[in-house]
Structure formats: C-alpha cells, structure tokens
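Trainee: So for the sequence shown, the numbering used here puts the first residue at 81; every next one is plus one.
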Amino acid sequence: MQEFLDTARRAAAAASVPILEYYHGSFEVETKADRTPVTAADREAEHAIRDVLRAAFPDHGIHGEELGVEGAQADYLWLVDPIDGTKSFVRGYGMFSTQIALMHAGVIVVGVSSAPVAGETAWALRGGGAWLDGERLAVSAIDALGQASVSTGNIGSLAASGRWAALGQILAGADRTRGYGDYYHYHRLAAGQIDAVIESDVDILDIAAVSLLVQEAGGVFTDLEGEPVGMQTRSVLAANPGLHGQLLALLNPN
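(1) Would you kindly check if the distance between the Cβ of A94 and the Cβ of V132 is under 8 Å?
(2) Can you tell which of G191, A270, G186, G261 has the C-alpha that lies nearest to the C-alpha of A221?
(3) Looking at L205: is its Cβ nearer than 8 Å to the Cβ of L85?
(4) Going by DSSP, what residue range makes up the alpha helix (DSSP H) through T166?
(5) What does the alpha-carbon distance come out to for the pair G172 and R89?
(6) At 3 residues or longer, and completely inside the segment 188–232: list those beta strand (DSSP E) runs for me, N to C.
(7) Could you name each continuous beta strand (DSSP E) segment of 3 residues or more that falls completely within the segment 261–317, going from the start of the chain to the end?
(8) Any chance you could list the alpha helix (DSSP H) runs of at least 4 consecutive residues sitting entirely within the segment 102–155, in chain order?
(9) What is the DSSP secondary structure of D161, reduced to helix, strand or coil?
(10) Kindly indicate which residue of W203, A136, M183 has the alpha-carbon position closest to the one of Q153.
(11) Answer with buried or exposed for V187, where buried requires no fewer than 16 other C-beta atoms within 10 angstroms of its C-beta.
(12) Determine the DSSP secondary structure at S241, reduced to helix, strand or coil.
(13) By Cβ distance, which residues of its chain are closer than 7 Å to L251, with the 5 residues on each side in sequence left out?
(14) What residue does the alpha helix (DSSP H) around A329 start on, and which one ends it?
(15) What is the DSSP secondary structure of A93, reduced to helix, strand or coil?
(16) Judging by CA-CA distance, which residue of V277, R314, T116 is the nearest neighbour of L285?
(17) Alpha carbons only, please: which of G144, Y263, H140 is nearest the one belonging to G151?
(18) Under 8 Å between the Cβ atoms of D283 and S237?
(19) Compute the beta-carbon to beta-carbon distance between E279 and G233, rounded to the nearest angstrom, for a pair I have assumed lies under 8 Å.
(20) DSSP three-state call for A181: helix, strand or coil?
So this is what it looks like as structure tokens:
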C-alpha cells in the first residue's frame, strides 16, 4: 500500500511541472462537449500522471478526466483528474488541484490531492491516516450547527431542487458560511479548520481522493442521501461525525 501512495505522490509531482509552466505562461482554452473548459495543461498533466502509473503498475486500470478509461475491469483502478478546477486555472487563480486516487474492488484505498500553486499536498492511505505536508490531520469536534463553519461548492442542481430551503436553513443556522469550493474546503475540513462541506454537482474524479482524506481524518463523507462514495456519486455531504447526521436529517426531512 505504501508503494501505491508513493507512486501517486510522484505522479502528482510530475503533473505539477506542465501545470505550473502553463499557469505562468500562456495557453488556449477549448470547450468540451459538456461545455467545460480544457487546455493543453490538462492533457499534458494527465499524460505525465499516466506515464508514472503505467511504469510502476502496468496491470492497473486508469480512468482519467481527459484521456478516458483503459483497463476498466482491472482489480486496481486509478481515478485521475489532472486539473480539478480548470475554470479557476483558466481565469488565473490557484483554486485548482491534481486529484489521484486508487480504487480496489470498489473501495478507495489511496488518495492524493495536490495544489501546486498553493504548494500544498494532502494524502491518505486507508487505515493509515490523513496527512497534509507531513502533518497528520484530524477533523474538528464541533457538534453544534450554531458553532460550525459550513462551506458550499457547486450547488446548481441543489438550488433548483426541493432541498434549497433546507440548505438555507443550514446556512442561516451556521456560525460561518463560506464557498471555498474545489480541493480547498476538503483540505480545511480534514484539518479541522471548517466543519462541513455541501456540494450537489460533482463527479467521482473530483472527490475520490479527498473523500478518503476526510474519512481518514475522522470525518464522514457521503452523498446528500447519505450513501457511501462510489463511481456514480454526484453530490457530497462531508462533515465531522458530530454534525454529519444533523445535516443529513435537515437535507432529508421526509
């Protein structure tokens, strides 16, 4: 397991080279079929990650954001988003990261979340804890919404749903509300600096690594219905154990 983690960290470091070169240089922005942006930095970073992973584990599968899936039926499947937060990248601010996770038999066992502009790398190993730049992470112990900091990410579909009023109740009752988004609020949650994260529009590649990070820091990470993370996960309710159940009940009153 340690070899898997070490390889994922090396792959993230390799991806940071083209990412930072383009970020501090120039690039063209294309629009994909799903109307999201993509750049040469995304593709080159994923190539760099795949090169490291293939060299170390040629029998593993890889599911990448930009280059698709190969070896989907392999026992071990790497989940790769070379630039999670490309919209931030193309607008010139550093709220983006490289997300690399390893899934075995449907269970995420390794996660690396690297934010190259911030110089911040977090990682987790199932059963081995969560770490940020060498410091062990732990979620907060705050168990009262009125004392909690809650961050929202992508919430477009939630805003258009029957849960909008419930989210308003949560945000109105919280001590502090933020909209950090992307990797940043998951790192802060795992470090005990905020207490809950709510999102309604995500993909497994966005959240696989950070879901393990939060869990290994002692938190609870599910979708908005309380279901565990899997390949079909599209929403997030992540919090420390004292708040997760309360928030889940507010979001699912019936």
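We put the CB at the ideal spot given by N, CA and C, even for glycine.
Mentor: Based on what the coordinates show:
(1) The residue labelled residue 132 in the question sits at position 52 within the sequence shown. The residue labelled residue 94 in the question sits at position 14 within the sequence shown. Yes, Cβ-Cβ distance for V132 and A94 is below 8 Å.
(2) In the sequence shown, counting from the first residue as 1, residue 221 sits at position 141. That would be A270, whose Cα lies nearest to the Cα of A221.
(3) On the sequence shown, position 125 is the one that residue 205 refers to. On the sequence shown, position 5 is the one that residue 85 refers to. Contact flag set, yes.
(4) Stepping through the sequence shown from its first residue, residue 166 is reached at position 86. That run of the alpha helix (DSSP H) goes 166–171.
(5) Here residue 172 is taken as the residue at index 92 of the sequence shown, counted from 1. Here residue 89 is taken as the residue at index 9 of the sequence shown, counted from 1. Roughly 25 Å separates the two Cα atoms.
(6) 200–205, 209–212, 229–232
(7) 276–279, 300–302
(8) 120–136
(9) The sequence position of residue 161 within the sequence shown is 81, counting from 1. Reduced to three states, the DSSP call for D161 is strand.
(10) The residue given as residue 153 occupies position 73 in the sequence shown. The shortest Cα separation from Q153 among W203, A136, M183 belongs to M183.
(11) Residue mapping note: residue 187 aligns to position 107 of the sequence shown, counting from 1. Per the 10 Å Cβ criterion, exposed.
(12) Indexing the sequence shown from 1 puts residue 241 at position 161. It is coil, neither helix nor strand.
(13) Here residue 251 is taken as the residue at index 171 of the sequence shown, counted from 1. Excluding residues within five positions, the ones whose Cβ falls inside 7 Å are V230, T257.
(14) Counting from 1 along the sequence shown, the entry for residue 329 is found at position 249. Run containing A329: 321–331, per the alpha helix (DSSP H) assignment.
(15) As a position in the sequence shown, residue 93 is number 13, starting the count at 1. Residue state, collapsed to three classes: helix.
(16) If you number the sequence shown from 1, residue 285 lands on position 205. Nearest option by C-alpha distance: R314.
(17) Here the question's residue 151 lines up with position 71 in the sequence shown. Residue H140 is the option with its Cα nearest to G151.
(18) Numbered from its first residue, the sequence shown carries residue 283 at position 203. Numbered from its first residue, the sequence shown carries residue 237 at position 157. No, the pair does not count as a contact, with Cβ atoms beyond the cut-off.
(19) Along the sequence shown, one-based indexing puts residue 279 at 199. Along the sequence shown, one-based indexing puts residue 233 at 153. E279 to G233, Cβ: 4 Å. Contact.
(20) Within the sequence shown, numbered from 1, the residue matching residue 181 stands at position 101. In the structure shown, A181 sits in a strand (DSSP, three-state: E or B).
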